[in-house]
Every structure is written in structure tokens, then in C-alpha cells.
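Participant:
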Amino acid sequence: MSPEKYRYIVVEGPIGAGKTSLARRLSAHLGKALLLEDPDANPFLARFYEDSRRHALATQLFFLFQRAQQVGGLKQIDLFEGGTVADFILDKDPLFASLTLSDDELHLYQQIYGHLMPQAPTPDLVIYLQASAEKLVERVHKRGVAYERNISEQYLVRLAEAYSRFFYQFSAAPLLIVNSDHLNFIDDAGDFDLLLRRITEMRGPREFFSRGE
0 MSPEKYRYIV
10 VEGPIGAGKT
20 SLARRLSAHL
30 GKALLLEDPD
40 ANPFLARFYE
50 DSRRHALATQ
60 LFFLFQRAQQ
70 VGGLKQIDLF
80 EGGTVADFIL
90 DKDPLFASLT
100 LSDDELHLYQ
110 QIYGHLMPQA
120 PTPDLVIYLQ
130 ASAEKLVERV
140 HKRGVAYERN
150 ISEQYLVRLA
160 EAYSRFFYQF
170 SAAPLLIVNS
180 DHLNFIDDAG
190 DFDLLLRRIT
200 EMRGPREFFS
210 RGE
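For the sequence shown, position 99 matches number 98 in numbering that gives the first Met the number 0, and the numbering has no gaps at all.
Pasting the structure below:
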């Protein structure tokens, strides 16, 4: 199936994997609507990276409400009228909660999550961007977002491992796992064309794309 035929495409991956940049590129190339997370709107995020234990619950709940509202507003009619590319899937929200919350906070979060879950369309394709911890650290430092300066390498390692576990079990939608360590979809038109071709050639529900150097 050609990329244009997918109505709802999600690009996912840990911080620094390049999911937002790729979602923007796909949206522009395919002429689909763009749905992005808005971390800058979270008033607790910068404080979380300074003192994660103190601000984890507030940060997580803000993101949960934000993501649920965004996905809840995504109607089937929108998908039929051109489609959507998003840089998050709501199903991954508990992944962050399990990394950052205490046991009592996680229990509260799980109750709220269970009550809040909206009826959202299932993606036609999920692109999961993998990257080594070293590459994630390099990219996070390179983009120079002020509040991200306090992200520890240990946190990025744990996050990358949690994403791997999550997508190892993921079966809700067709999944293309992309090792992005040696791929630059934004600055290299050839790499982007390779990805589009790989999407078109997908035949199974779970496939892998990588290019070593």
C-alpha cells in the first residue's frame, strides 16, 4: 500500500528519536493533517526535569489530559477527508507513568487513565523510530531546548528500553520498526525516499527497516 493510502499514520519513539520532525515531513509530503503533542504547553515539564520525583504526577496527568483531548477530537470523518499524521499514540502514555511515578501515584494514574480513555481511531500504520541511547543524547543536546538540558542519560536509556518493551508486544496496528541511527529523514531526501518505498513494500503486520554504516 502506498503511503498516501494510509488514512491515519502515527510516528512514535523516545525523546530525540526524531518522531516530530518525521511526522511534519510526512504530513507535508502526503498532504495530510498534522497532530502533534505540545510539550511546551505543559507548565510542569521543566520542573519535572529538575526534580522528577516531586513533579512527576502533575507532569504525567497534564500530558494524559492533553493527549486524550487531542485524540478524542480525531473523528473518523477527518480521516476520510485526507487523513492525519500524528507524533504520538495514546496507548504509550502509561509507559512514561511506569518510569516516573511512585507505586501510589501510579495506582492513581491508572485509575484516571482507565476512566479517561477516549474512543479513538486505530492507526492504519505506526512507525516506531528506534535509536541508540548515545544517539538520543546527541540529538537532545544538539536541538538545545532549554528544559531538556536537565534530562539525564540514564533516563534516556530507561526510556529507550521501555519503548522497546512496549513495541515488542504491540499488535494494535501494522508496525514498521525503523532503526534511525544512520538515517536522516529531514536533511537527506534519499533517506526519506527509502522510507516511503519501505512503507509501500510492507506486506506483514510487523516489519523492520534499518541501514547500517
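Even glycine gets a Cβ: it sits at the ideal position worked out from N, Cα and C.
(1) Could you tell me the distance, in whole angstroms, from the CA atom of residue 84 to the CA atom of residue 57?
(2) Can you list, in chain order, the stretches of the beta strand (DSSP E) that have 3 or more residues and sit fully within the segment 112-178?
(3) Alpha carbon to alpha carbon, what distance is there between residue 72 and residue 11?
(4) Between residue 202 and residue 4, what straight-line distance do the alpha-carbon atoms span, to the nearest angstrom?
(5) Can you give me the C-alpha to C-alpha distance between residue 7 and residue 36, rounded to a whole angstrom?
(6) Are at least three pairs of beta-carbons, each pair with one atom in the segment 177-187 and one in the segment 20-39, less than 8 Å apart?
(7) So residue 122 packs on residue 88, CB below 8 Å; how close in whole Å?
(8) In the DSSP output, which residue or residues are listed as bridge partners for residue 83?
(9) Which residue from 94, 1, 80, 2 puts its Cα closest to that of residue 166?
(10) Which one of 99, 42, 163, 69 has the shortest CA to CA distance from residue 118?
(11) Ignore the nearest five residues each way along the sequence and tell me which others in residue 124's own chain have a CB closer than 6 Å to its CB.
(12) Measure the Cβ-Cβ separation of residue 100 and residue 13 and say whether it is below 8 Å.
(13) Can you tell me which of 0, 46, 96 puts its alpha carbon nearest to the alpha carbon of residue 60?
(14) Below 8 Å CB to CB, which residues in the same chain sit around residue 116 once its five sequence neighbours on both sides are set aside?
(15) Going by DSSP, name the residue or residues bridged to residue 207.
(16) What did DSSP end up calling residue 14 once you bin it into helix, strand or coil?
(17) In whole angstroms, what separates the C-alpha of residue 158 from that of residue 98?
(18) For residue 23, which of helix, strand or coil comes out of DSSP?
(19) Measure the CB-CB distance between residue 108 and residue 45 and report whether it falls below 8 Å.
(20) For residue 204, does the count of other Cβ atoms within 10 angstroms reach 16, so buried, or fall short, so exposed?
(21) Which residue comes first and which comes last in the alpha helix (DSSP H) that contains residue 202?
(22) Roughly how many angstroms lie between the CA atoms of residue 194 and residue 102, to the nearest whole one?
(23) Tell me whether residue 134 counts as near the ligand GTP, meaning its Cβ is closer than 7 Å to at least one heavy atom of that ligand.
Facilitator: Walking through what the data contain:
(1) 27 Å
(2) 124-129, 174-178
(3) 19 Å
(4) 14 Å
(5) 16 Å
(6) yes
(7) 7 Å
(8) 7, 32
(9) 94
(10) 69
(11) 5, 8, 173
(12) no
(13) 96
(14) 67, 89
(15) 176
(16) coil
(17) 8 Å
(18) helix
(19) no
(20) exposed
(21) It is not in any alpha helix (DSSP H) - residue 202 carries neither H nor E in the DSSP assignment.
(22) 40 Å
(23) As for the ligand GTP, it is missing from this structure, which has no ligand bound.
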